[in-house]
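> This structure is in structure tokens; I'll ask about it shortly.
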Amino acid sequence: MACELAEWKEMYEEKVWQVLLLAFAEDLECIPGFQQKVFHIEQPSEFIEDQPILNLVFDDCEGNDKLNFEVSNPDFKVEPNGSLVALKNITEVDRALFIHARSAQAEDMAEVLIVGGKEKHGSLKEIFKIEGNLGILRQKRALVASAILIPENQRPPFPRVVGRVINSDGAEGSKFRLSGKGVDQEPKGAFKINENNGEVLVTRSLDREAIPSYQLQVEVTDVSGKSIEGPVLLDVIVIDQNDNRPIFREGPYVGHIMEGSPTGSTVMRVMAFDADDPGTDNALLRYNILKQTPDKPSPNMFFIDPEKGDIVTVVSPALLDRETMENPKYELIIEAKDMAGHDVGLTGTATATIVIDDKNDHPPEFTKKEFQATVKEGVTGVIVNLTVEDQDDPATGAWRAVYTIINGNPGQSFEIHTNPKTNEGMLSVVKPLDYEISAFHTLLIKVENEDPLVPDIAYGPSSTATVQITVLDVNEGPVFHPDPMTVTKQENIPIGSVVLTVNATDPDTLQHQIIRYSVYKDPAGWLEINPTNGTIVTTAILDRESSYVHNNVYTALFLAIDSGNPPATGTGTLQIMLEDVNDNAPAIYPMLAKVCDDAKDLRVVVLGASDKDLHPNTDPFKFELSKQSVPDKVWKITKINNTHAQVSLLQNLKKANYNIPILVTDSGKPPLTNNTELKVQVCSCKKSKMDCSAADALHISMTLILLFSLFSLFCKFS
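Residues 470 to 1187 (the working numbering) make up the sequence shown, in order.
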């Protein structure tokens, strides 16, 4: 009994859908296209030739002039009257047939699903994307609102009736009221209802890709607007049409494949997007390569998986050889077509660029087996460029060369670097060569790539070469031995003293040349050199304390000039270490002191002494007062330390200027003494102000008194 009820329910639901669809077709104004777009038929044991399977109704609303039908399966056709028939007896077909109808005014597509009896109702519900109970008229009290199916992209005129709500117990004066998204909510005004008879109208074309379905609420109100029935849910389903072309969103597409890759190697994947209903064939895409540029060595170098969009190689590894291709870059025009790739589908295209990447399958080879180079002795720099050929891609490490000197360079006099633009090997001399030691050099050089070679490829004899280098003799300047030359001398040695005899030799041992000497730089003018034997003598007194001496060292430069043509010159440096002698007497500081005439502290000044000489010819210093000739002793000097002494008064003096003779003696052997006068100003001091103007009485210094005494004695004896 339960099984019979289930079968009856299924039959009832199918009949309801048929009635609804017919009702929509009767109520709506002419809508161009198939009047029914989806059909379900059970798979028979065999489709019989010319036996009608079902009838298709297409109306372009203009008389169907020159109407043409196309079927996705070539074993079927549609007669002019709309009957679908088989062209031969067929036992198995695909799960779906697509029928495309086209006239001068309109075109549309219908789908025939071939399913088992148990799948019929389920497939219908899936097509319309609605719940299972939408197929049954839902009832709440006396208000009945059946689901409404509306194709997207309908053409004007609008508004048009798309359904009706029934109120079986409608009281006099009652009215229908519609609300929800699409009515009084955004997008507002898409639907409205005839408040008197319950007809539901759509006011504009709908877009399933924007909103696939609407859930409206309908209710019945009395004259005052008070709800007396409902609200009841009213579902509006927007039926998808194939109105969106596939779009490649992720371009540009660039893929790389290594040359010599096995057949079937995946290059990349391209994917397109279709905004139509993904549950229908409207968005079921298939991929195809429309064009390949260039078309050599084969017009079909690549294949694209029609369902996944994977691009793979289809030629043998031997044809995928970058070095034999006109262009290692291919452009493919890729097409994506919906409706599972059938002719009625919409298409979109994109360009996919495929780059054949290089691998290191060609070793570099020298263009010559032997290279020649000539270089002057004593010169550094590039002497020859070594050229190679490599068929690999210049933009890769498979082309870039690396050079190595493997023999003939024990002194590391040569280096080789790669020119990044030309790939040439730049052979350079980095340590000057000597013709007298070796006039010829032979180098063995190998070249390799930055990247390793692929297996089964090896470097051959052409990847090595020799370089013959000839060294040219040049006239080299004489060389001083040693350089610098160092000698130690005391300062103040007599003029004409021999400092040193220099020695310079000519490196050109195979030539017999004469060397002459001259002074190049002698800052103080103290020296001269014998031009033939190189003996250096003094022409002035050597002074360690001179400004030309730095850190006790005097430096002079001398030239050695050979007799070559042209002559060559060598430079030698002489450093004289000067030893100190006691030739500088010490000096005192300060030379002036001031003191108040009423000072209570009779200490006048602290004297210091300095000496230009070095120890032991300097401190400790001895400070003394010269013999005072005045009757009263008024000055006193007292030692503080090795370099300083205190000058004091024994009594206050009147305002005046005084010159005090001071003797200071160093510790040299023999010692040197300096007799210096210290000027002392005795000033008047009042209110913290010191007045040191000229004194009332003139006080003659002890020195002047002594001079007068000596002068008197001289006159007496004369």
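Think of the CB as a built atom: it goes at the ideal place given N, C-alpha and C, for glycine as much as any other residue.
1) State the Cα-Cα distance for the pair residue 630 and residue 774, rounded to the nearest angstrom.
2) For the pair the region 669–680 and the region 620–627, tell me if three or more CB-CB distances fall below 8 Å.
3) I'd like to know whether the C-beta atoms of residue 827 and residue 869 end up nearer to each other than 9 Å.
4) Measure how close the beta-carbons of residue 914 and residue 873 come, nearest whole angstrom, since I'm counting them as under 8 Å.
5) Considering Cα atoms alone, identify which of 809, 562, 810 and 904 is closest to residue 1194.
6) Taking its Cβ as the centre, do 16 or more other Cβ atoms sit within 10 Å of residue 759, making it buried, or is it exposed?
7) Please name the residue, chosen from 1136, 1068, 1021 and 564, that lies closest to residue 1150 on a Cα-to-Cα basis.
8) With burial defined as no fewer than 16 other Cβ atoms inside 10 Å of the residue's Cβ, what is the status of residue 573: buried or exposed?
9) DSSP beta-bridge partners for residue 1063?
10) Please classify residue 476 as buried or exposed, where buried requires at least 16 other C-beta atoms within 10 Å of its C-beta.
11) Under 8 Å Cβ to Cβ from residue 497, same chain only, skipping five residues before and after it: list those, please.
12) Taking Cβ to Cβ, would you say residue 451 is nearer than 9 Å to residue 1162?
13) Just how far apart, CA to CA, sit residue 882 and residue 934?
14) Please report the residue range of the beta strand (DSSP E) in which residue 680 lies.
15) Write down the C-beta distance between residue 1118 and residue 1073 rounded to the nearest angstrom, noting that I regard them as a contact closer than 8 Å.
16) What residue from 1048, 857 and 884 has the CA that sits closest to residue 899's CA?
17) Taking the Cβ atom as the reference point for each residue, do residue 985 and residue 1037 lie within a distance shorter than 9 Å?
18) What does the alpha-carbon distance come out to for the pair residue 817 and residue 564?
19) Suppose the cutoff is 8 Å on Cβ atoms and the five residues either side in sequence are ignored; what does the same chain contact list for residue 908 look like?
20) What is the rounded straight-line gap between the Cα of residue 917 and the Cα of residue 1043?
21) Assuming residue 795 and residue 765 form a contact by the criterion Cβ under 8 Å, report the distance between their Cβ atoms to the nearest whole angstrom.
22) Is it buried or exposed for residue 493, if we count other Cβ within 10 angstroms and need 16 for buried?
23) From residue 857 to residue 864, what does the alpha carbon distance come to, in whole angstroms?
24) Of all the options 716, 643, 681 and 771, which has the alpha carbon lying nearest to the alpha carbon of residue 693?
25) Just reading off the beta strand (DSSP E) that residue 727 is part of, what are its end residues?
26) Leaving aside the five residues before and after residue 893 along the sequence, list all residues of the same chain whose C-beta is less than 7 Å from its C-beta, in chain order.
27) Given that a residue counts as buried once 16 or more other Cβ atoms are within 10 Å of its Cβ, and exposed if not, what is residue 1022?
28) Assign residue 918 to one of three DSSP states: helix, strand, or coil.
29) With respect to the beta strand (DSSP E) encompassing residue 700, which residues constitute its N-terminal and C-terminal limits?
30) Which one of 1040, 1076, 1081 and 680 has the shortest CA to CA distance from residue 1109?
31) State the Cα-Cα distance for the pair residue 977 and residue 968, rounded to the nearest angstrom.
32) For residue 558, count the other beta carbons within 10 Å of its own beta carbon; 16 or more makes it buried, fewer makes it exposed. Which is it?
33) Three or more C-beta pairs under 8 Å: does that hold for the region 1003–1010 against the region 956–973?
34) Is it true that the region 741–757 meets the region 703–719, where meeting means three or more beta-carbon pairs spaced less than 8 Å apart?
35) Flag this pair as touching only if the region 696–706 and the region 724–741 have three or more C-beta atom pairs under 8 Å; answer yes or no.
36) Using DSSP's beta-bridge definition, name the partner residues of residue 1117.
This is what the structure gives:
1) 46 Å
2) yes
3) no
4) 7 Å
5) One cannot answer for residue 1194 here, as it falls past the ends of the chain, which runs 470 to 1187.
6) exposed
7) 1068
8) exposed
9) 1150
10) At residue 476 the pLDDT is 47, less than 50, meaning the model places this residue with poor confidence; the figure from the coordinates comes in the next sentence. Under this definition residue 476 is an exposed residue.
11) In this prediction, residue 497 scores a pLDDT of 45, lower than 50, which makes its location untrustworthy; the coordinate-derived value is nonetheless stated afterwards. Taken in chain order, the residues that qualify are 629, 630 and 631.
12) Outside the displayed range of the chain (470 to 1187) lies residue 451, so it cannot be described from this structure.
13) 18 Å
14) From DSSP, residue 680 is part of no beta strand (DSSP E); its letter is neither H nor E.
15) 6 Å
16) 884
17) no
18) 25 Å
19) 939, 940 and 942
20) 52 Å
21) 6 Å
22) Model confidence at residue 493 stands at a pLDDT of 42, short of 50, so the residue's coordinates are unreliable; what they give is reported in the following sentence. Residue 493 comes out buried.
23) 16 Å
24) 643
25) 722–727
26) 854, 855 and 856
27) exposed
28) strand
29) 696–708
30) 1076
31) 29 Å
32) exposed
33) yes
34) yes
35) no
36) 1072 and 1105
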